[in-house]
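The sequence shown begins at 75 in the working numbering and counts up by one.
Glycine included, each C-beta is placed from N, C-alpha and C at the ideal position.
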Amino acid sequence: MTSNIAPNLPTDIAAVLLDGVRAARRGAPALAGLEPESYAREHAAFERLSDQRGLIAEHFADRLAAIGDGPVSVLSVGCGDGSLDARLAAGLIQGVPGRPVRYVGVDPWVGSAERFSATMSALEADELSSDAYVASFGDSAVAETFDVVMFVHSMYYVPDLGATLRAALGLLRPGGELWVAIAPTAALNALVGVLAPPLQGHRQWFSADVESAFVDAGIFLDGVVALDAKIDLSSASDEVLDFSVQARLTPDLRGPVRAYLDAVSVPGSDGRPRVPHPVDVFAATRR
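Written out as structure tokens, the structure is:
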């Protein structure tokens with residue numbers, strides 16, 4: 075039996091367990107995907123078990139601080155409920171009091187767009203103007219340019235990576251920056267690659283695909299930063315487990331999936347097991 079497991083998985087038993095899941099799915103119909111309402115709810119619960127969002131927020135806040143003290147405009151693609159965006163917007167406002175901040179979110183689900191707007195409004199900042207569009211990025215009616223366009227865990231869902239990167243660059247002012255945060259095919263996403271249903275007719279994208287798309291599109295990369303996050307899935311609910319693998323698991327798969335996650339876990343600082351949950355951040359500048 076051969077294995078397509080990612081090379082950084084820590085134990086041989088993990089490879090065997092992943093092959094077992096793969097064998098169980100071979101020839102079977104695709105698993106059901108996640109419904110928009112439950113996706114948003116389970117996403118929030120998933121994030122509470124991980125330190126990844128905090129690492130992304132710190133990294134982006136540092137990048138935003140380097141932009142300067144003038145007005146700043148940001149487009150967040152796949153904004154979700156705005157939790158990350160509100161944190162970044164608040165940092166911009168507090169960092170330079172009185173600075174105008176423009177923040178636009180795009181999300182295909184109306185519930186997320188509404189929550190984004192409510193989260194931004196809750197900042198009660200006169201310096202902040204915000205809007206939300208209910209659409210996929212390719213169908214959005216955004217007609218302004220920005221200092222930053224960012225995709226945080228949303229590039230997975232676009233049908234054409236190269237076209238999306240070029241369109242995003244087109245929404246930047248000269249000198250503006252494009253940031254893409256997307257997971258590599260590490261321990262958890264090796265499992266996603268086996269279990270997640272196809273997305274809009276394409277397979278699941280990961281960071282290697284995005285890097286290749288930048289190269290193929292002729293877009294110069296300023297750099298790639300790897301953030302070494304981890305997540306505690308040892309006591310995750312079945313619903314959060316489903317979110318972790320981006321599919322509705324059938325009862326026969328839950329045991330093998332949990333066994334695999336146990337096998338790839340490493341001890342956290344509190345002694346509890348953590349699954350590696352890294353994210354790669356790509357950056358490019360409109361020149």
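Would you kindly report the start and end of the unbroken alpha helix (DSSP H) that includes G390? Outside the shown range of the chain, which is 75 to 361, sits residue 390, and nothing can be said about it.
Assign P258 to one of two classes, buried (16 or more other C-beta atoms within 10 Å of its C-beta) or exposed (fewer than that). Working through the sequence shown from its first residue, we reach residue 258 at position 184. P258 is buried by the Cβ-count criterion.
Exposure label - T193; buried when at least 16 CB within 10 Å: Here the question's residue 193 lines up with position 119 in the sequence shown. Buried.
Indicate the three-state DSSP secondary structure (helix, strand or coil) for G107 in the structure shown. As a working mapping, residue 107 is identified with position 33 in the sequence shown. DSSP places G107 in coil when its eight states are reduced to three.
Does S195 come out as helix, strand or coil in the three-state DSSP assignment? Position 121 of the sequence shown, counting from 1, holds the residue named residue 195. Three-state DSSP puts S195 in a helix.
Just to confirm my understanding: we take P272, look at its own chain, exclude 5 residues before and 5 after, and list those with CB closer than 7 Å. What are they? Stepping through the sequence shown from its first residue, residue 272 is reached at position 198. So the qualifying residues of the chain are A104.
Please specify which runs of the beta strand (DSSP E), each continuous and at least 3 residues long, are wholly inside the stretch 269–316, giving them in chain order. 297–301
Quick one: complete beta strand (DSSP E) runs, 3+ long, within the stretch 135–178? 146–151
Of all the options A196, V180 and V148, which has the alpha carbon lying nearest to the alpha carbon of P174? Position 100 of the sequence shown, counted from the start, is the residue given in the question as residue 174. Closest by alpha carbon: V148.
Can you tell me whether R189 is buried or exposed? The criterion is at least 16 other CB atoms within 10 Å of its CB, across all chains shown. By one-based count along the sequence shown, residue 189 stands at place 115. R189 is buried by the Cβ-count criterion.
Quick one: what does DSSP say R361 is sitting in, helix, strand or coil? Position 287 of the sequence shown, counted from the start, is the residue given in the question as residue 361. Coil at R361, not helix or strand.
Smallest Cα separation from S343: which of G142, G101 and D125? Counting from one through the sequence shown, the residue named residue 343 turns up at place 269. Answer by Cα proximity: D125.
From the DSSP output, read off the bridge partner residues of S204. In the sequence shown, the residue the question calls residue 204 occupies position 130. For S204, which the question treats as bridged, DSSP gives the partners Y177.
By alpha-carbon positions, which one of A264, G142 and R115 ends up nearest to A282? If you number the sequence shown from 1, residue 282 lands on position 208. Checking every option, the nearest Cα to that of A282 belongs to A264.
R122 in three-state terms, based on DSSP: For the purposes of this step, residue 122 is taken as the residue at position 48 of the sequence shown. In the structure shown, R122 sits in a helix (DSSP, three-state: H, G or I).
Quick one: give me the first and last residue of the beta strand (DSSP E) that D221 is part of. Residue numbering aside, residue 221 sits at position 147 when the sequence shown is read from its first letter. Taken as a continuous stretch (DSSP letters only), the beta strand (DSSP E) holding D221 covers F220 to V226.
Give the range of the beta strand (DSSP E) segment to which V349 is assigned. For the purposes of this step, residue 349 is taken as residue 275 along the sequence shown, with counting starting at 1. Taken as a continuous stretch (DSSP letters only), the beta strand (DSSP E) holding V349 covers P347 to P350.
Go ahead and label G101 buried or exposed: buried means 16 or more other beta carbons lie within 10 angstroms of its beta carbon, across all protein chains shown. Here residue 101 corresponds to residue number 27 of the sequence shown, with the count starting at 1. G101 should be labelled exposed.
Length of the line joining the Cα atoms of F356 and V298: Working through the sequence shown from its first residue, we reach residue 356 at position 282. Working through the sequence shown from its first residue, we reach residue 298 at position 224. The alpha-carbon atoms of F356 and V298 are separated by roughly 5 Å.
Please classify S150: is it buried, with 16 or more other beta-carbons within 10 angstroms of its beta-carbon, or exposed? Against the sequence shown, residue 150 aligns to sequence position 76. Buried, since its Cβ has 16 or more Cβ neighbours within 10 Å.
Alpha helix (DSSP H) segment containing Y334, residue limits: The residue you call residue 334 lines up with position 260 of the sequence shown. Element bounds for Y334: P325 to V338.
In DSSP terms, what D354 is bridged to: Against the sequence shown, residue 354 aligns to sequence position 280. I256 and A300.
Measure how close the beta-carbons of P350 and L301 come, nearest whole angstrom, since I'm counting them as under 8 Å. Position 276 of the sequence shown holds residue 350. Position 227 of the sequence shown holds residue 301. About 11 Å separates the two Cβ atoms, so there is no contact after all.
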